[in-house]
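Position one of the sequence shown corresponds to residue 1 (UniProt numbering), numbered consecutively onward.
Backbone N, C-alpha and C define an ideal beta-carbon position, used for all residues, glycine too.
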Amino acid sequence: MKIRNKIILYFSVTTIALTGLVLYIIYTLFGAYRREEFQQRLSEKITFSLKFLGEVQQTSQTLLNNLDRITINDLYDEKMLLFDGNKQLIYASLDDTKIHRSVSILGKLGPGRTWLESKEGKFDVVGVYVQMNGKSYYGIYKAYDTFGYTQKRILAYILWGAFAFITIITLIVTFYLSREISSPINKMAREMNQIQLGSASNGITVPDTKDEINYLATRFNELMQRLDNSFAFQRHAVHHISHELKTPITILVSNFDQMEKQTDPEKLKALLLAQKEDTRSLGDIINALLEISKLETGNQPPTKPHRIDELLFDAIEKVRALAPDFEFQVSFAGEIDSEDGLMASCNPKLMHIAFSNLLLNCVRYSRTKQAQIKIKTEKKTIYLTFVNDGATIQPEEQKFLFNYFFRGQNSKSKAGFGLGLVMVHKIIQLHKGQIEYKDQPVAAHLSEQKNNEQHFSSQSRPGQSANIFLISMPLS
Numbered sequence: 001m002k003i004r005n006k007i008i009l010y011f012s013v014t015t016i017a018l019t020g021l022v023l024y025i026i027y028t029l030f031g032a033y034r035r036e037e038f039q040q041r042l043s044e045k046i047t048f049s050l051k052f053l054g055e056v057q058q059t060s061q062t063l064l065n066n067l068d069r070i071t072i073n074d075l076y077d078e079k080m081l082l083f084d085g086n087k088q089l090i091y092a093s094l095d096d097t098k099i100h101r102s103v104s105i106l107g108k109l110g111p112g113r114t115w116l117e118s119k120e121g122k123f124d125v126v127g128v129y130v131q132m133n134g135k136s137y138y139g140i141y142k143a144y145d146t147f148g149y150t151q152k153r154i155l156a157y158i159l160w161g162a163f164a165f166i167t168i169i170t171l172i173v174t175f176y177l178s179r180e181i182s183s184p185i186n187k188m189a190r191e192m193n194q195i196q197l198g199s200a201s202n203g204i205t206v207p208d209t210k211d212e213i214n215y216l217a218t219r220f221n222e223l224m225q226r227l228d229n230s231f232a233f234q235r236h237a238v239h240h241i242s243h244e245l246k247t248p249i250t251i252l253v254s255n256f257d258q259m260e261k262q263t264d265p266e267k268l269k270a271l272l273l274a275q276k277e278d279t280r281s282l283g284d285i286i287n288a289l290l291e292i293s294k295l296e297t298g299n300q301p302p303t304k305p306h307r308i309d310e311l312l313f314d315a316i317e318k319v320r321a322l323a324p325d326f327e328f329q330v331s332f333a334g335e336i337d338s339e340d341g342l343m344a345s346c347n348p349k350l351m352h353i354a355f356s357n358l359l360l361n362c363v364r365y366s367r368t369k370q371a372q373i374k375i376k377t378e379k380k381t382i383y384l385t386f387v388n389d390g391a392t393i394q395p396e397e398q399k400f401l402f403n404y405f406f407r408g409q410n411s412k413s414k415a416g417f418g419l420g421l422v423m424v425h426k427i428i429q430l431h432k433g434q435i436e437y438k439d440q441p442v443a444a445h446l447s448e449q450k451n452n453e454q455h456f457s458s459q460s461r462p463g464q465s466a467n468i469f470l471i472s473m474p475l476s
């Protein structure tokens with residue numbers, strides 16, 4: 001069953017049933033109140049008549065007739081019987097209405113039971129036992145509550161009208177609400193049906209509301225973005241991996257062919273070393289792609305507070321083992337009051353990968369075998385600047401810098417696969433940070449660093465530009 005039909009069925013049936021139940025309870029309570037009030041009136045009339053007779057020492061037919069004139073027009077279809085202490089009839093009203101169970105009622109009345117009420121069809125019957133002036137009297141009154149039943153019938157018409165009106169309004173409101181609720185869902189379903197992975201307009205319209213539909217559409221678009229990124233990665237990976245792996249594998253096969261034919265030990269050793277480097281290069285490509293695929297899942301890595309400078313120095317030590325003659329100059333800008341000024345919530349393994357890739361990038365591209373790293377904290381944010389004086393990226397290429405397998409003009413004859421900065425970008429994003437690149441003339445950068453002891457060596461010419469990577473991350 002469709003959601004709209006469920007809303008119409010459940011809401012309308014529940015509301016109409018509850019309304020009918022409430023109206024029925026009102027009608028029933030009114031009927032009970034009418035009966036109670038009418039029987040009370042009958043009891044009061046019996047008591048009044050008995051008191052009137054009790055005050056008269058001698059009854060006469062004229063007195064009885066006068067009593068009938070008083071009561072004959074008081075109620076419709078009535079019959080009143082009055083008895084003395086011996087249960088002898090002393091008065092009967094002139095009406096033709098008969099009381100069929102008068103003997104049974106008299107038998108039940110007495111000092112132990114002074115009140116009795118019952119029904120004969122639509123007639124109310126009341127029996128009363130009264131003691132006045134030391135004498136006992138019995139009274140039985142039967143009457144039809146014309147006014148009460150008329151009121152009850154009018155109330156029934158009103159309640160039925162109210163029930164019909166509420167039912168109609170409920171159905172109208174239910175149809176309207178079900179349409180308003182299901183319309184955005186149906187619209188989302190139609191848009192979802194038209195979505196094609198990899199298309200430029202991947203996603204559905206997010207309504208300008210603050211309800212669950214807005215939340216659902218937003219989460220769906222985020223999911224589709226992740227799926228689209230994953231499929232894009234898969235497409236690019238298949239294309240680029242085949243391209244990237246084709247050359248190393250071809251070289252490996254060629255080396256094996258040469259090794260089979262080679263008899264000179266020295267040349268064979270050279271081929272083995274080349275084979276080793278090519279195999280390592282192939283492994284690096286695969287490891288880089290595996291790390292990126294882990295980040296592509298979109299899962300938030302486990303984090304805890306760490307000192308960013310300590311993670312950076314650990315990464316520098318690892319890179320120095322690969323490039324012992326390269327110099328990293330680390331400086332701190334401003335004053336850091338306490339250790340908390342360098343603490344950030346992060347995943348140490350991922351941050352080590354990010355720092356290592358940036359440091360290796362400096363090693364590969366720097367002309368002078370040195371790089372500057374500046375650490376600065378400001379307003380709950382830590383900034384890390386990585387600067388090397390290598391060949392810069394062309395302005396038209398900078399927008400592709402963090403794309404898969406991108407390699408600029410400055411990377412010709414440089415080792416690498418175009419994956420390192422992709423991992424850095426994704427790692428920084430996962431830590432709610434940002435990374436940006438800019439190129440700046442060395443002279444301008446030296447001017448900014450004039451208050452620091454560290455500077456580029458004299459081998460850097462002022463006319464050259466520097467590669468600058470700026471990372472910003474929130475402190476914990």
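* Rounded Cβ spacing between A344 and I308 (contact assumed at less than 8 Å) -> 5 Å
* Who are the near neighbours of L359 in its chain, counting only those whose CB is closer than 8 Å to its CB and skipping five residues on each side? -> A315, I316, V319, F328, A371 and F386
* Asked: Can you list the beta strand (DSSP E) stretches of 3 or more residues lying completely in the region 149-227, in chain order?
  -> none
* Below 8 Å, can you find three or more Cβ-Cβ pairs linking the region 111-124 to the region 83-92? -> no
* Apart from the five residues on each side of it in sequence, which residues of its chain come closer than 7 Å, Cβ to Cβ, to L171? -> S12
* Report yes or no: do the region 22-37 and the region 210-223 share at least 3 C-beta pairs separated by less than 8 Å? => no
* G420, enclosing alpha helix (DSSP H) - first and last residue -> G420 to L430
* Asked: Would DSSP call T19 helix, strand or coil?
  -> helix
* **I166 versus Y10: straight-line alpha-carbon distance, rounded** => 16 Å
* To do: Could you check how far apart the C-beta atoms of K135 and G85 are, in whole angstroms? I think they sit under 8 Å.
  => 6 Å
* Which partner residues of T381 appear in the DSSP bridge assignment? -> E378 and P474
* Asked: Taking the alpha-carbon positions, what's the Q40 to V126 distance?
  -> 9 Å
* Give me the Cβ distance between Q434 and I428, rounded to the nearest whole Å; I'm assuming they're in contact under 8 Å. => 7 Å
* To do: Output the boundary residues of the beta strand (DSSP E) element that contains K142.
  => K135 to Y144
* Taking the alpha carbon of F402 as the point to measure from, which residue in A217, F469 and P441 has its own alpha carbon closest? -> F469
* Asked: Can you tell me the Cα-Cα spacing of G334 and G341, whole angstroms?
  -> 11 Å
* Thinking I140 and S102 are a contact (beta carbons under 8 Å), I'd like their distance in whole angstroms, please. => 5 Å
* Asked: Tell me, which residues are paired with R113 by DSSP?
  -> G110
* Contacts around T97, its chain only, beta-carbon distance under 7 Å, and the 5 residues preceding and following it disregarded -> D77, E78, K79 and K142
* **Close-in-space but distant-in-sequence residues of the same chain around F123 (CB under 8 Å, 5 per side omitted)** => D77, T97, K142, A143 and Y144
* **Residues near Q194 by beta carbon distance below 6 Å, same chain, minus five either side** => none
* With DSSP collapsed to three states, give me the class of D340. => helix
* To do: For T114, collect the residues of the same chain with a Cβ closer than 8 Å to its Cβ; drop the 5 residues on either side in sequence, then sort them by chain order.
  => V128, Y129 and V130
* Asked: Rounded to a whole number of angstroms, what is the C-alpha to C-alpha distance between K369 and D325?
  -> 7 Å
* **Spatial distance of A274 from N357 (CA atoms)** => 24 Å
* Presumed contact (8 Å Cβ cut-off) between Q398 and Y437, rounded CB distance -> 6 Å
* DSSP on G283, reduced to helix/strand/coil? -> helix
* Output the boundary residues of the beta strand (DSSP E) element that contains P305. => K304 to R307
* Between the CA atoms of L216 and V363 - distance to the nearest angstrom -> 47 Å
* Asked: For T381, which residues from the same chain have a beta carbon less than 8 Å from its beta carbon, with the 5 sequence-adjacent residues on both sides left out?
  -> S472, M473, P474 and L475
* alpha helix (DSSP H) containing T348: first to last residue? -> The identity of residue 348 in the sequence shown is Pro, whereas the question assumes Thr. Taken as a continuous stretch (DSSP letters only), the alpha helix (DSSP H) holding P348 covers P348 to Y365.
* **Under the three-state DSSP convention, the category N86 falls into** => coil
* **Supposed contact pair T174 and I8 - C-beta distance, whole angstroms, cut 8 Å** => 5 Å
* Asked: Which value, in whole angstroms, describes the spacing of the CA atoms of S254 and L322?
  -> 28 Å
* To do: Give me the Cβ distance between I3 and I185, rounded to the nearest whole Å; I'm assuming they're in contact under 8 Å.
  => 7 Å
* Would you list the one or two residues that DSSP bridges to A371? => F328 and N388
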